[in-house]
Amino acid sequence: MFRLYREIERGEFFIIAVDCAQGGIDANYGQFLSKTKIDVPLVFEKNCVAAEMTPLIHEALEWIYARTGIEPVVAFERQMGGISALSQLQTLNRNGHYRIYQRRKIGTVDGEVLTDVLGWDTNLQTRPQMLGDLKQAIDNNLIKVYDKTTINELGKFIITKKGRAEAAPNCHDDAVMSLAIAWQLYQTEVAPTVNRVRVRQNNGTLSKIF
């Protein structure tokens, strides 16, 4: 389910994005992007419904907080059960050790403000932007990706004759879409201020997950 590619260090700020699935051939795919090091040292992949995935992501978020001392930000894609999964995640976050991403509203008289809408909405407006931004990041080596599944999916992402970016026939895009969401959050989310960082001596463990 979880694949860890390097040690997580204290003081790192993490952004987590999850592409949700409702079972079948598609997987719930999560990318744990370090904004501090601009790499993805941890990924999650599991074929299950979003409700089954959510407690596992919660435990990983608690582990990230215990290791880093900094609250990560997490966004589930709202489609494919993501809305109900976010409600479940919000309930699980009793200790407030992570922040659930809230949609931003731009162009108000007060500037950019947060809304009450949780999670990331992939739609006709956001999809081209997020995939275009991710392509630029990959092409310019701005982000380090270790995960072979993600690398393979990136290599099989094509532009159709209609100009739409999507997975090649009989291929998956869960890893690509979750990484694209993570890269969008990379551009907008900032770490908590120093006085909000809660330092813990316990480094935590993911022994129940790995």
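Counting with the working numbering, you get residues 1 to 210 for the letters of the sequence shown.
Even glycine gets a Cβ: it sits at the ideal position worked out from N, Cα and C.
Identity of the residues DSSP links to K46 by a beta bridge: Position 46 of the sequence shown holds residue 46. N28.
Beta-carbon gap between V73 and R103 smaller than 8 Å: Looking up residue 73 in the sequence shown gives position 73. Looking up residue 103 in the sequence shown gives position 103. Cβ distance not < 8 Å, so V73 and R103 don't count as in contact.
Burial state of A17 (16 or more Cβ within 10 Å): The residue labelled residue 17 in the question sits at position 17 within the sequence shown. Under this definition A17 is a buried residue.
For V145 and Q184, the rounded distance between their alpha carbons: To locate residue 184, count along the sequence shown from 1; it is residue 184. To locate residue 145, count along the sequence shown from 1; it is residue 145. About 16 Å.
Which of helix, strand or coil DSSP assigns to Q125: For the purposes of this step, residue 125 is taken as the residue at position 125 of the sequence shown. Looking at Q125 - three-state DSSP - the assignment turns out to be coil, as it is neither helix nor strand.
Any non-hydrogen atom of the ligand NAD within 7 Å of E52 CB: The ligand content of the structure shown is nil, which means the ligand NAD is not present either.
L42 versus E9, V117 and L118, residue with shortest Cα-Cα distance: Position 42 of the sequence shown, counting from 1, holds the residue named residue 42. Among E9, V117 and L118, the Cα nearest to that of L42 belongs to E9.
Short Cβ contact (8 Å threshold) for L89 with I57: If you number the sequence shown from 1, residue 89 lands on position 89. If you number the sequence shown from 1, residue 57 lands on position 57. Result yes, Cβ atoms of L89 and I57 sit closer than 8 Å.
Enclosing beta strand (DSSP E) for L4 [first to last residue]: On the sequence shown, position 4 is the one that residue 4 refers to. Element bounds for L4: F2 to L4.
Cβ-based burial, G11 [other Cβ within 10 Å; buried from 16]: On the sequence shown, position 11 is the one that residue 11 refers to. It counts as exposed.
In DSSP terms, what A60 is bridged to: Here residue 60 corresponds to residue number 60 of the sequence shown, with the count starting at 1. BP columns for A60 are empty, so no partner.
Where I151 falls, given that 16 or more other Cβ within 10 Å makes a residue buried: The residue given as residue 151 occupies position 151 in the sequence shown. Exposed: under 16 other Cβ atoms inside 10 Å.
Straight-line gap, N211 to K37 (C-alpha atoms, nearest Å): No statement about residue 211 is possible, as the shown extent of the chain runs from 1 to 210 and does not include it.
Alpha carbon of T68 to alpha carbon of Q125, nearest angstrom: As a position in the sequence shown, residue 68 is number 68, starting the count at 1. As a position in the sequence shown, residue 125 is number 125, starting the count at 1. Distance between the alpha carbons of T68 and Q125: 34 Å.
Euclidean distance between Cα positions of G81 and P55: Taking the sequence shown and counting its residues from 1, the one referred to as residue 81 is at position 81. Taking the sequence shown and counting its residues from 1, the one referred to as residue 55 is at position 55. Between G81 and P55, the C-alpha separation is close to 14 Å.
Run of the beta strand (DSSP E) containing I38, from where it starts to where it stops: Here residue 38 is taken as the residue at index 38 of the sequence shown, counted from 1. That residue, I38, is in no beta strand (DSSP E); it is neither H nor E in DSSP.
Residue closest to D19, alpha-carbon to alpha-carbon, out of A191, Q187 and D173: Counting from 1 along the sequence shown, the entry for residue 19 is found at position 19. Of A191, Q187 and D173, the residue nearest in Cα terms is D173.
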